[in-house]
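Residues 0 to 759 in numbering that gives the first Met the number 0 are what the sequence shown lists, from first letter to last.
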Amino acid sequence: MWKLKLSKGEDDPQVRSVNHHIGRQFWEFDPSSGTQEERSEIENIREEFTKNKMNVKHSSDLLMRFQFANMNRSEIEKPEVVEKDDLKDEVLVKTLKKALKFYSTLQGEDGSWPSDYGGPLFLLPGLIIGLHVMEKMDAVLSAEHQKEIRRYIYNHQNVDGGWGLHIEGHSTMFCTALNYVSLRLLGETMDGGQGAMTRARTWILHHGSLTHVPSWGKLWLSVLGVYEWRGNNPLPPEIWLLPYCLPLHPGRMWCHTRMVYLPMSYLYGKRFVSPISSVVLSLRRELYKTVYLQVNWDLARNQCAKEDLYYPHPRIQDFLWNGLNNFAEPLLMQWPFSKLRKKALNIVMQHIHYEDQNSHYICIGPVNKVLNMLCCWVEDPNSPANKLHLSRIKDYLWIAEDGMKMQGYNGSQLWDAVFAVQAISATNMVDEYGSMLWKAHNFIRNSQVRENSSGGNNESWYRHLSRGGWPFSTPDNGWPVSDCTAEALKTVVMLAQMPNHLVGEAIAPECLYDAVHLLLTLQNGNGGFSSYELMRSYTWLEAINPAETFGDIIIDYPYVECTSAAVQGLRSFTKLYPNHRRAEIEACISKAISFIESLQLPDGSWYGSWGICYTYGTWFGIKGLVAGGKTYESSHSIRKACEFLLSKQLNCGGWGESYISCQQKVYTNITGNKAHITNTSWALLALIEAEQAKRDQMPLHLAAKVLVDHQMENGDFPQQEIIGVFNKNCMISYSSYRNIFPIWGLGEYLNRVILDKSPT
Ligand code: LAN
0 MWKLKLSKGE DDPQVRSVNH HIGRQFWEFD PSSGTQEERS EIENIREEFT
50 KNKMNVKHSS DLLMRFQFAN MNRSEIEKPE VVEKDDLKDE VLVKTLKKAL
100 KFYSTLQGED GSWPSDYGGP LFLLPGLIIG LHVMEKMDAV LSAEHQKEIR
150 RYIYNHQNVD GGWGLHIEGH STMFCTALNY VSLRLLGETM DGGQGAMTRA
200 RTWILHHGSL THVPSWGKLW LSVLGVYEWR GNNPLPPEIW LLPYCLPLHP
250 GRMWCHTRMV YLPMSYLYGK RFVSPISSVV LSLRRELYKT VYLQVNWDLA
300 RNQCAKEDLY YPHPRIQDFL WNGLNNFAEP LLMQWPFSKL RKKALNIVMQ
350 HIHYEDQNSH YICIGPVNKV LNMLCCWVED PNSPANKLHL SRIKDYLWIA
400 EDGMKMQGYN GSQLWDAVFA VQAISATNMV DEYGSMLWKA HNFIRNSQVR
450 ENSSGGNNES WYRHLSRGGW PFSTPDNGWP VSDCTAEALK TVVMLAQMPN
500 HLVGEAIAPE CLYDAVHLLL TLQNGNGGFS SYELMRSYTW LEAINPAETF
550 GDIIIDYPYV ECTSAAVQGL RSFTKLYPNH RRAEIEACIS KAISFIESLQ
600 LPDGSWYGSW GICYTYGTWF GIKGLVAGGK TYESSHSIRK ACEFLLSKQL
650 NCGGWGESYI SCQQKVYTNI TGNKAHITNT SWALLALIEA EQAKRDQMPL
700 HLAAKVLVDH QMENGDFPQQ EIIGVFNKNC MISYSSYRNI FPIWGLGEYL
750 NRVILDKSPT
């Protein structure tokens with residue numbers, strides 16, 4: 000049976016860690032574990048998913064739940080049945096206690112709450128192609144792994160034969176081509192999968208064939224040898240040699256984009272192609288409309304299926320790419336300019352090694368993880384870097400009832416933990432559930448990044464400071480995020496004010512000072528906070544975004560979520576340490592508040608970039624303004640925001656926002672006007688924060704009733720539609736939100752509305 004392992008790695012000399020692997024999570028297959036009964040129970044769960052896969056696309060993280068339920072069997076008493084008919088205090092208290100009790104069984108010994116961070120469907124293919132090229136498929140992925148990966152890919156094929164950018168999306172060329180190719184590399188035959196392969200191939204051929212794959216797909220296919228480098232727009236590595244003062248210097252890009260285009264430019268600069276295997280030759284015949292030798296590669300450079308076109312290339316890119324392709328590249332490939340290329344490739348490789356070492360071979364995300372690994376292999380197949388990379392692949396793989404997936408990060412451990420602590424504290428049942436907070440506190444304290452990258456020489460590698468920050472996942476990943484830092488700061492300050500004997504020792508003040516220092520350095524001139532670094536260049540540069548499937552990727556934009564979190568984090572810090580850098584903090588908060596106000600849309604909402612969408616953004620907008628000292632009475636912005644939220648409440652009392660909101664930038668309900676518990680909780684929390692209870696409590700009662708009604712018998716809440724997003728167009732799963740936010744929403748509702756206590 001599959002087993003989830005937590006905080007493990009000490010016995011593997013290939014993996015190093017700054018915090019003894021606290022928070023690390025990965026799955027291992029143990030053929031001898033589990034009884035026959037347990038195994039067949041898992042099989043049933045899987046079959047249920049597959050049977051229902053066209054209606055319910057999101058898995059419910061049931062393998063993890065199964066493991067935790069078995070471990071905690073003795074602790075789980077028979078749950079009391081809650082009478083939900085009318086919402087009295089006792090009903091609320093019982094619901095909350097049950098929810099907390101259940102959520103406590105999902106907490107790991109290390110204090111984190113592991114969960115599934117899947118969703119995008121373009122990540123596994125990168126890994127599969129990479130391993131195929133490196134001839135490491137069977138060495139890294141056991142037969143059981145490969146079986147579960149195939150299960151996952153098949154489970155997420157749409158009825159029309161294609162695959163979406165993410166599990167709930169319409170079919171795209173990017174993911175259909177790459178998942179089809181992955182299945183073939185995993186040994187599937189051309190007409191295998193009971194017709195599934197044929198349907199996929201038909202989809203690809205009907206939508207323009209491989210020439211219409213977007214640019215990121217073209218790169219992977221070129222590496223594999225199924226597509227020609229001539230059919231790619233240039234990605235010259237020489238861009239790293241330009242002076243930093245130029246606005247388009249890669250050091251000024253959003254770190255994710257920078258880190259993805261870095262290894263891409265290496266592979267492009269080398270025109271690396273894997274040795275051509277027989278599957279590759281066959282794929283060249285399977286996926287084009289004409290004979291491979293007759294494909295018009297020059298035309299193909301700019302072709303892209305319309306299903307994939309979220310960000311169509313502006314005209315200027317045609318000039319740019321044509322110029323580079325027809326004049327610059329031919330020159331750079333020839334002596335004496337080829338010397339420059341050699342130098343550029345060398346520098347690019349140094350940056351790759353730097354990123355690998357500073358992230359303990361986890362890398363900043365799943366895309367550059369695999370690309371960097373491949374580059375290290377291309378540079379030297381026998382280098383130690385290769386082994387170090389291979390040992391960190393499992394950090395990205397997760398298994399649920401829909402199969403094995405590659406996650407969008409090496410987990411969301413820190414992020415979930417800081418929200419969970421805030422949710423649990425909001426219930427005010429701290430005495431009873433103190434042990435959860437104790438463990439989580441320990442986890443958060445141990446997840447802070449303690450040093451700047453590579454001992455302080457960070458700037459020459461275009462890295463911001465890291466010391467004092469908190470990452471989204473684990474400190475081994477090593478990239479602090481502004482809002483993760485701010486939310487963690489808020490949380491540790493909150494825990495420091497609770498009794499030590501309940502929640503453990505408070506964090507050392509120096510650690511808080513470091514976090515504050517880092518936050519202060521992360522504020523942009525306009526008052527806003529971006530995600531990882533300062534905004535280092537201009538928004539007009541978005542015009543050169545070559546990735547057709549993603550929006551807003553060129554620079555690190557300032558976000559309402561990050562700015563609001565920074566205000567909240569700093570404000571709670573000043574309550575505990577009123578004298579530490581007070582003037583700077585106040586100045587920072589007041590600029591941030593004006594920035595948040597400036598981002599508000601005319602209808603009173605805020606666009607949320609990392610959760611869906613207007614409910615998420617508006618919750619952050621309101622929280623930020625309130626933390627900055629604004630009230631409903633004093634702030635026109637807050638009044639408008641409340642009006643907005645109330646206008647979107649469904650007849651059933653909940654809120655349910657579709658992922659379409661993020662793409663189209665228009666508030667859109669989920670089909671059938673269905674309530675979503677996470678959206679409902681965000682709206683409920685936002686309204687409570689804006690003191691809705693003083694005006695009209697009915698919307699709050701209705702929302703709370705929706706949450707109570709959704710609770711399952713064991714205290715869990717149902718997994719509904721996917722709720723996270725990035726780069727406007729791709730959705731991503733936050734599998735803990737279904738537990739965290741109903742607890743938080745109901746907790747605040749009980750204490751601040753029903754019992755009418757002011758927040759602590
Ligand atoms: C994340 C995950 C965390 C997220 C929050 C902390 C929630 C947010 O408030 C700030 C932005 C951040 C850090 C974020 C940025 C974009 C990420 C890294 C992701 C959504 C996880 C995956 C995504 C990454 C870009 C995926 C790889 C794809 C590319 C287009 C490079």
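Glycine is no exception: its CB is placed at the ideal position from the N, C-alpha and C atoms.
- Query: Closer than 6 Å: is that where the CB of valine 366 sits relative to any heavy atom of the ligand LAN?
  - Reply: In the sequence shown, counting from the first residue as 1, residue 366 sits at position 367. Valine 366 Cβ: within cutoff of the ligand LAN.
- Message: Between Val752, Phe740, Gly117, which has its C-alpha nearest phenylalanine 418's C-alpha?
- Response: Along the sequence shown, one-based indexing puts residue 418 at 419. Minimum Cα distance to phenylalanine 418 is reached at Phe740.
- Query: Would you say tyrosine 267 and leucine 209 are within 7 Å of each other, going by their C-beta atoms?
  - Reply: Numbered from its first residue, the sequence shown carries residue 267 at position 268. Numbered from its first residue, the sequence shown carries residue 209 at position 210. No, Cβ-Cβ distance for tyrosine 267 and leucine 209 is not below 7 Å.
- Message: Once DSSP output is grouped into helix, strand and coil, what is the label at tyrosine 153?
- Response: Taking the first residue of the sequence shown as 1, we reach residue 153 at position 154. Of the three classes helix, strand and coil, the one that applies to tyrosine 153 here is helix, per DSSP.
- Item | Element boundaries [beta strand (DSSP E), containing alanine 399] | Taking the sequence shown and counting its residues from 1, one reaches residue 399 at position 400. Note, alanine 399: beta strand (DSSP E), 396-399.
- Query: Any heavy atom of the ligand LAN within a distance shorter than 6 Å of the CB on asparagine 232?
  - Reply: Translated into positions along the sequence shown, residue 232 becomes position 233. No - the ligand LAN has no heavy atom lying nearer than 6 Å to the Cβ of asparagine 232.
- Spatial distance of glutamate 400 from phenylalanine 48 (CA atoms): Numbered from 1 along the sequence shown, position 401 holds the residue referred to as residue 400. Numbered from 1 along the sequence shown, position 49 holds the residue referred to as residue 48. Their Cα atoms are separated by approximately 7 Å.
- Task: Could you tell me if the beta carbon of histidine 255 falls within a distance shorter than 6 Å of some heavy atom in the ligand LAN?
- Result: The residue given as residue 255 occupies position 256 in the sequence shown. Yes, since a heavy atom of the ligand LAN falls inside the 6 Å radius drawn around the Cβ of histidine 255.
- tyrosine 615 classed as buried or exposed, judged by whether at least 16 other C-beta atoms fall within 10 angstroms: Counted from its first residue, the sequence shown places residue 615 at position 616. Label assigned to tyrosine 615: buried.
- Query: Using DSSP with H/G/I as helix, E/B as strand and the rest coil, what is threonine 171?
  - Reply: Taking the first residue of the sequence shown as 1, we reach residue 171 at position 172. Looking at threonine 171 - three-state DSSP - the assignment turns out to be strand.
- Query: Under the rule that 16 or more other beta-carbon atoms within 10 Å means buried, what is alanine 591, buried or exposed?
  - Reply: For the purposes of this step, residue 591 is taken as residue 592 along the sequence shown, with counting starting at 1. Buried is the call here.
- Item | Closest residue to serine 657 among Asp715, Asn43, Leu61, Ile611 (Cα-Cα distance) | Stepping through the sequence shown from its first residue, residue 657 is reached at position 658. Checking every option, the nearest Cα to that of serine 657 belongs to Ile611.
- Query: In chain order, what residues of the same chain have a beta carbon less than 6 Å from the beta carbon of glycine 110, not counting five sequence neighbours either side?
  - Reply: Taking the first residue of the sequence shown as 1, we reach residue 110 at position 111. Lys438, Ala439, Asn441, Phe442.
- Task: Measure the alpha-carbon distance for glutamine 24 versus tryptophan 334 and round it to whole angstroms.
- Result: Position 25 of the sequence shown, counted from the start, is the residue given in the question as residue 24. Position 335 of the sequence shown, counted from the start, is the residue given in the question as residue 334. So the alpha carbons of these two residues sit roughly 49 Å apart.
- Message: Measuring straight from C-alpha to C-alpha, what distance separates arginine 771 and glycine 410?
- Response: It is not possible to answer for residue 771, since the shown part of the chain is limited to 0 through 759.
- Regarding cysteine 483 and the ligand LAN, is the C-beta to nearest heavy atom distance less than 6 Å? Working through the sequence shown from its first residue, we reach residue 483 at position 484. At least one heavy atom of the ligand LAN is nearer than 6 Å to the Cβ of cysteine 483, so yes.
- Just list the alpha helix (DSSP H) runs in the segment 245-301, keeping only unbroken ones of 4 residues or longer that don't cross its boundaries, in chain order. 254-269, 277-285, 296-299
- Secondary structure at lysine 4, three-state DSSP: helix, strand or coil? For the purposes of this step, residue 4 is identified with residue 5 of the sequence shown, where counting begins at 1. Of the three classes helix, strand and coil, the one that applies to lysine 4 here is strand, per DSSP.
- Check whether the Cβ atoms of phenylalanine 643 and aspartate 708 sit closer than 7 Å, and answer yes or no. The sequence position of residue 643 within the sequence shown is 644, counting from 1. The sequence position of residue 708 within the sequence shown is 709, counting from 1. Between phenylalanine 643 and aspartate 708, the C-beta spacing is not below 7 Å.
- Item | Status (buried if at least 16 other CB within 10 Å, exposed otherwise) for serine 633 | Position 634 of the sequence shown, counted from the start, is the residue given in the question as residue 633. Its Cβ having fewer than 16 others within 10 Å, serine 633 is exposed.
- With hydrogens ignored, establish whether the beta-carbon of tryptophan 397 is closer than 6 Å to any heavy atom of the ligand LAN. Here residue 397 refers to the residue found at position 398 when the sequence shown is read from its first residue. Incorrect: tryptophan 397 has no Cβ contact closer than 6 Å to the ligand LAN.
- Query: How should isoleucine 742 be labelled, buried or exposed, when 16 other C-beta atoms within 10 angstroms of its C-beta is the threshold for buried?
  - Reply: Locating residue 742 in the sequence shown gives position 743, where the first residue counts as 1. Classification for isoleucine 742: buried.
- Query: Are the Cβ atoms of isoleucine 554 and tryptophan 253 separated by less than 7 Å?
  - Reply: Walking along the sequence shown from the start, residue 554 turns up at place 555. Walking along the sequence shown from the start, residue 253 turns up at place 254. It is a contact, given that the beta carbons lie within the stated cut-off.
- Item | Proximity to arginine 149 [Cα-Cα], best of Thr679, His131, Gly192 | Within the sequence shown, the letter at position 150 stands for residue 149. Here the closest residue by C-alpha is Gly192.
- Just to check, is the beta-carbon of valine 259 closer than 6 Å to a non-hydrogen atom of the ligand LAN? Mapped onto the sequence shown, residue 259 falls at position 260. Valine 259 Cβ: within cutoff of the ligand LAN.
- Message: How far does the beta strand (DSSP E) with phenylalanine 725 in it extend, from its first residue to its last?
- Response: Along the sequence shown, read from residue 1 onward, the residue named residue 725 stands at position 726. Note, phenylalanine 725: beta strand (DSSP E), 723-725.
- Identify whether glutamine 663 lies in helix, strand or coil by the three-state DSSP scheme. As a first step, residue 663 is located in the sequence shown; it is residue number 664 there, counting from the start. Three-state DSSP puts glutamine 663 in a helix.
- Beta-carbon proximity of tyrosine 265 to valine 347, cut-off 7 Å: Start at 1 with the first residue of the sequence shown, and residue 265 comes out as number 266. Start at 1 with the first residue of the sequence shown, and residue 347 comes out as number 348. Closer than 7 Å, so yes.
- Item | Nearest-angstrom Cβ-Cβ length linking cysteine 641 and leucine 686, presumed shorter than 8 Å | As a position in the sequence shown, residue 641 is number 642, starting the count at 1. As a position in the sequence shown, residue 686 is number 687, starting the count at 1. About 6 Å separates the beta carbons of cysteine 641 and leucine 686, which is inside the 8 Å limit, making them a contact pair.
- Item | Per DSSP, cross-strand counterpart(s) of glutamine 24 | Within the sequence shown, the letter at position 25 stands for residue 24. According to DSSP, which records beta bridges pairwise, glutamine 24 is partnered with Leu5.
- Does the pairing of the segment 369-387 with the segment 690-706 give three or more beta-carbon distances under 8 Å? no
- Message: Pop quiz: aspartate 715 and asparagine 678 are said to be a contact at Cβ under 8 Å. What is the actual Cβ separation, rounded to whole angstroms?
- Response: Here the question's residue 715 lines up with position 716 in the sequence shown. Here the question's residue 678 lines up with position 679 in the sequence shown. Not quite, the Cβ-Cβ distance comes to about 18 Å (not below 8 Å), so this is no contact.
- Tell me which same chain residues have a C-beta within less than 8 Å of the C-beta of arginine 38, skipping the five on either side of it? Counting from one through the sequence shown, the residue named residue 38 turns up at place 39. Same-chain partners within the cutoff: Met0.
- Identify, in the order they occur along the chain, each residue of the same chain with its Cβ nearer than 8 Å to the Cβ of phenylalanine 67, setting aside the five sequence neighbours on each side. Here residue 67 is taken as the residue at index 68 of the sequence shown, counted from 1. So the qualifying residues of the chain are Thr104, Leu105.
- Ends of the beta strand (DSSP E) at methionine 332? Along the sequence shown, read from residue 1 onward, the residue named residue 332 stands at position 333. Run containing methionine 332: none; DSSP gives neither H nor E here.
- Message: With H, G and I counted as helix, E and B as strand and the rest as coil, what does DSSP make of glycine 468?
- Response: Locating residue 468 in the sequence shown gives position 469, where the first residue counts as 1. Coil, per DSSP.
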